[in-house]
Amino acid sequence: MKKLYLILLALLCITEVALAQGGTITGRVLGADNQEPLIGASVLVEGTNKGASTNTNGDFTITGVPAGNYNLRITYVGYSYPKVPVTVSVGGTASVGTISMKASTMMGDEIVVSATRRQEKITEAPAAIGVISSRDLTELPSFNVGELLNKVQGVEVVRSGVIGVGINARGFNNAFNVKMYQMTDGRNSMLPGGTGLPAGFYNTTIKEDIERVEVILGPSSALYGPNAHNGIINTITKDPRRYPGTTVTVGAGNQDVLSARFRHASVISPKFAFKVTGEYTQGKDFEFQDTVYNATLGALPEYGVDYDFSSKRFGSALYYSPTDNIDIIADYGFGQGSNIGVTNNGRNQINDWTFQYLQARVVTPRIFGQVYSTWNDAGDTYQINARTNNYYALLAAGATQAQADRYSKTGAKKDEIFAGSPAVAFPGFIDLSHRLNGELQYNNTFAGFDIVTGLSYQRDVAYSRQTYLDDKAGNIILNQYGAVAQIERNLTDKLRVLGGARFDHHDNYGTQISPKGAITYNALGGTFRATYGRAYSAPSIQFQEFYANAGILTILGNGAGLTIENVETGATRQINKLEPEKVQTYEFGYKGAPIGNVYFDLSTWYSKSEDFISPLTAITTPFGKERVVKKGDVDVTESAANAWNYYLTYLNYGKVTSWGTDLGLNYNIDDNYSLGVKYSYFNSDITDKENKDNDANGNGTVSDAESSLNAAKHRANFNFTARNLANNKLFLSLNLRWLPEFNFYSGSQIAAAAGAGTRVPGSNFNHGPLGGFTSIDLSGGYKFTDWVTLGANVSNLFDDPQREYVGSPEIGRLYSVELRFDFGGKKENK
């Protein structure tokens with residue numbers, strides 16, 4: 073033991089001597105556009121593990137640097153990527169003075185954080201990643217941020233109405249899409265409880281408070297945990313210390329759209345800053361009256377559809393910096409919306425759905441910790457198809473229109489209305505679910521290795537009171553625990569390797585492991601990358617515990633397995649319970665500018681999914697002889713009331729292989745003009761009807777619904793942008809999108825060539841395939857002064873009928889104008 077102490081003492085002495093012989097580097101980093109300090113810029117001494125982050129004054133100090141000549145590598149989101157030469161002498165201090173970083177104007181200059189959870193140049197990120205910048209958002213004269221995702225390579229955006237935007241990547245879309253994991257400021261911003269859907273229209277963040285949106289495609293569970301298996305959309309909001317001032321935006325458009333938004337941010341003192349945001353938007357969606365099929369009355373027009381939509385948002389955040397290197401942030405968000413939502417089983421009339429969160433974060437250069445709670449309230453939301461069936465059943469039984477209108481929405485007990493009236497069920501939703509999350513992350517550099525480690529916890533509490541979940545035994549509670557470790561190292565000045573793994577434990581599904589590996593190589597003005605990732609998606613609570621009986625069909629969750637019985641023969645067959653979907657993806661890519669101002673972005677990938685989770689799939693036929701009699705070991709007595717014996721559930725496929733390529737080309741003609749072209753190809757062996765692995769419901773036949781990509785094989789986008797015209801006052805953008813026809817199956821929602829113009833019993837009317845159009849969008853703006861900007865936007869310029877989603881209207885021309893007022897604020901310079 074004495075020898076060990078002596079060895080440790082010797083090592084400490086050697087370390088102290090080395091540090092004493094090293095030198096110090098100091099400097100300050102400012103933004104060239106406004107000469108304000110850039111807080112938290114990363115400064116690295118290339119060829120060493122020495123580095124620092126700038127404080128609130130933009131200052132940095134790096135100690136213990138061995139004598140020699142170096143380059144400082146400075147990175148900051150939204151700014152270019154300078155390298156600064158510096159010479160360090162033994163025991164001396166080398167000052168590089170004030171470094172002015174220019175705002176990024178060229179494609180490929182962006183700095184991102186989502187791919188590895190550290191700042192890096194987008195061309196060097198070991199992932200397929202795209203960015204929507206603050207400038208892109210400022211130049212979009214619309215409240216609907218989702219429109220910009222059309223410009224991100226590899227992202228599939230479908231529009232279901234004026235405000236309805238669905239986001240997917242790499243195929244297999246469905247009406248309840250949970251394949252793209254969404255985050256805001258490191259927070260899980262999906263809805264809590266049963267659905268696990270994106271917050272979408274009910275989110276709390278306004279456009280003017282978004283600094284950037286980073287989109288990662290492919291498996292990302294290794295860093296972000298369950299359900300980050302198809303991609304991530306990470307929204308990062310503005311720091312009030314970097315973006316002080318007041319912004320007020322008012323806008324209007326066709327479909328009676330009116331929108332008003334504001335953001336105010338201020339630095340109170342060297343230690344305190346805050347921001348508040350708010351929005352009110354309203355309008356009227358395109359009218360589309362779907363039909364509901366009733367076993368007795370046939371096809372019925374939807375009743376009581378309200379096409380008006382509205383949203384209210386509010387947010388606030390307080391930033392406290394007890395030292396130059398520690399931030400403590402507390403923030404709260406509120407979002408409430410009313411609109412029409414598309415589901416696997418028809419449409420919902422959503423009235424005042426409320427989504428809220430409360431979050432606390434601690435941020436230092438090495439540690440990130442957070443705890444937050446998220447909760448929602450479904451308000452007065454109800455199923456349009458269930459209310460429609462109620463309404464016409466009551467009328468047929470002799471109720472007055474007033475009685476049918478009232479009780480179709482509230483539900484009525486037998487004989488409550490008049491003698492002999494039918495009992496009708498409450499068509500509404502109760503959802504008072506909530507979720508608790510905690511996370512602790514640590515990063516550092518040791519002996520040339522960049523290390524990220526972390527722990528996480530999530531607790532979901534689903535509360536529906538049997539309105540859409542089988543929760544008669546009480547709230548459904550699920551816990552998930554996770555741990556992650558990731559290591560990166562430069563093998564040479566051009567070659568870098570990354571490895572990582574995440575361990576997650578789920579109450580229902582045990583332990584899952586998600587490994588990740590990447591190799592990147594700098595060459596030809598950019599970076600080549602080869603990556604491997606394995607991720608998984610745990611079935612949502614809805615997939616496990618859903619229960620809905622619309623009188624025509626019954627939807628059952630499949631968290632325990634189902635037993636189906638032939639009512640004539642008594643023979644039974646089993647439907648296995650859902651297992652987590654697992655995907656392995658191999659990817660090759662390149663990002664860079666090998667030829668002057670021409671920027672290439674290539675991603676080609678190959679994925680293998682096991683236990684692929686299907687959309688809602690029929691497991692019996694309408695008017696058939698089979699019915700579900702058990703969920704796991706529990707008798708399902710209520711299913712006997714369904715005269716149709718038509719059941720749908722979620723199933724695991726055996727194996728599904730998919731592959732594709734995303735190719736982007738951007739040409740920066742000069743600082744004012746740029747051209748962009750993006751193309752995506754997607755395919756899968758799911759379309760092979762001879763492959764019995766694709767027989768999800770085990771009936772011996774691969775149906776059209778079981779073999780649908782639910783996406784177009786080919787998609788393309790062209791964009792032309794002109795900026796800083798007319799003495800830096802005018803900006804213009806033209807976007808052209810090509811979307812070929814494709815079939816779409818999702819539960820009772822069908823849009824396909826087979827059976828177009830007809831209806832499958834229990835399903836919606838089939839209007840034919842989706843897509844099949846080329847859309848042209850225009851936008852532009854004029855900056856009258858530094859604080860007044862007028863913008864205008866036109867989508868679907870030629871007003872061609874465009875149907876992009878099941879259960880949704882044809883989308884016509886949309887136009888809007890916005891007037892934006894920016895009242896600058898003064899940053900606190902300590």
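Residues 73 to 902 in the numbering used here are what the sequence shown lists, from first letter to last.
The C-beta atom is built at its ideal place from N, Cα and C for all residues, glycine as well.
Rounded C-alpha distance that separates residue i from residue j
i    : j    : result
P373 : T363 : 4 Å
A90  : L512 : Bear in mind that the predicted position of A90 carries a pLDDT of just 42, short of 50, making it unreliable; the figure below should be weighed with that in mind. Answer to the nearest angstrom: the Cα atoms are 33 Å apart.
I171 : E118 : 17 Å
Y391 : F346 : 6 Å
V414 : D503 : 17 Å
D378 : I412 : 8 Å
G258 : A432 : 11 Å
T857 : A332 : 20 Å
F334 : G852 : 21 Å
I883 : I305 : 25 Å
K750 : F498 : 48 Å
G407 : G99  : 43 Å
T517 : G571 : 15 Å
S61  : G266 : Any property of residue 61 remains undetermined from this structure, which presents the chain solely from 73 to 902.
P342 : P312 : 12 Å
D894 : R207 : 14 Å
V728 : G633 : 21 Å
V524 : Y604 : 18 Å
G896 : N547 : 49 Å
8 Å contact criterion, which residue i and residue j should meet: CB distance rounded
i    : j    : result
T133 : T96  : 6 Å
R892 : G863 : 7 Å
G130 : L110 : 6 Å
V339 : P316 : 6 Å
R459 : S493 : R459 to S493, Cβ: 16 Å. No contact.
S382 : Q361 : Between Q361 and S382 the Cβ distance is about 21 Å, and since that is not below 8 Å, they are no contact.
N245 : N782 : 5 Å
Y877 : S114 : Not quite, the Cβ-Cβ distance comes to about 42 Å (not below 8 Å), so this is no contact.
Contacting residues, own chain, Cβ-Cβ under 8 Å from residue i (five flanking each side not counted)
i    : result
D452 : N423, D424 and G500
A713 : Residue placement at A713 is poorly supported in this model, since its pLDDT is 44, which falls under 50; the coordinates still yield a value, given next. So the list reads N621, once near-sequence residues are dropped.
A768 : S686, T689, L723, N724, Y725 and E778
Q538 : K544 and Y619
According to DSSP, residues forming a beta bridge with residue i
i    : result
S775 : Its beta-bridge partners do not exist; DSSP assigns none.
T330 : According to the sequence shown, residue 330 is Leu rather than Thr. According to DSSP, L330 bridges with A324 and Q354.
K727 : E682
W677 : E659 and G732
P270 : M262
G140 : V160
I627 : A620 and L720
I439 : Y514
T395 : I398
Selected residue, minimal CA-CA separation from residue i, among the options
i    : options                   : result
V860 : D257, I523, V322 and I585 : V322
D403 : F440, T395 and Q428       : Q428
N836 : Y529, G748 and N417       : N417
R795 : G112, T276, I201 and L212 : L212
Q421 : T135, Y678, K384 and D380 : D380
G597 : F490, T135, I667 and G696 : I667
T592 : G664, F244 and A469       : G664
Q254 : R242, D734 and V285       : V285
N717 : G582, N275 and A367       : A367
G268 : Q616, F490 and D673       : Q616
Y54  : F344, S232 and G879       : The structure shown has nothing for residue 54, since the chain only spans 73 to 902.
S675 : M173, Q225 and L144       : Q225
K649 : G704, L466, T256 and S292 : G704
Y365 : Q821, N638 and I239       : Q821
I439 : N755, S125 and I848       : S125
V320 : D328, Y296, E351 and N302 : E351
S756 : T830, W677 and V832       : W677
6 Å CB neighbourhood of residue i in its chain, flanking five on each side removed
i    : result
T931 : Any property of residue 931 remains undetermined from this structure, which presents the chain solely from 73 to 902.
E651 : D683 and N724
Y887 : G325, N326 and V866
M178 : For M178, the predicted structure reports a pLDDT of 49, less than 50, and the residue's modelled location is therefore unreliable. A value from the coordinates is still provided. Taken in chain order, the residues that qualify are N740.
L567 : Y593
N127 : D396
Same chain, Cβ closer than 7 Å to residue i, neighbours up to 5 away in sequence not counted
i    : result
G819 : A247, N416, N417, P687, L688 and L720
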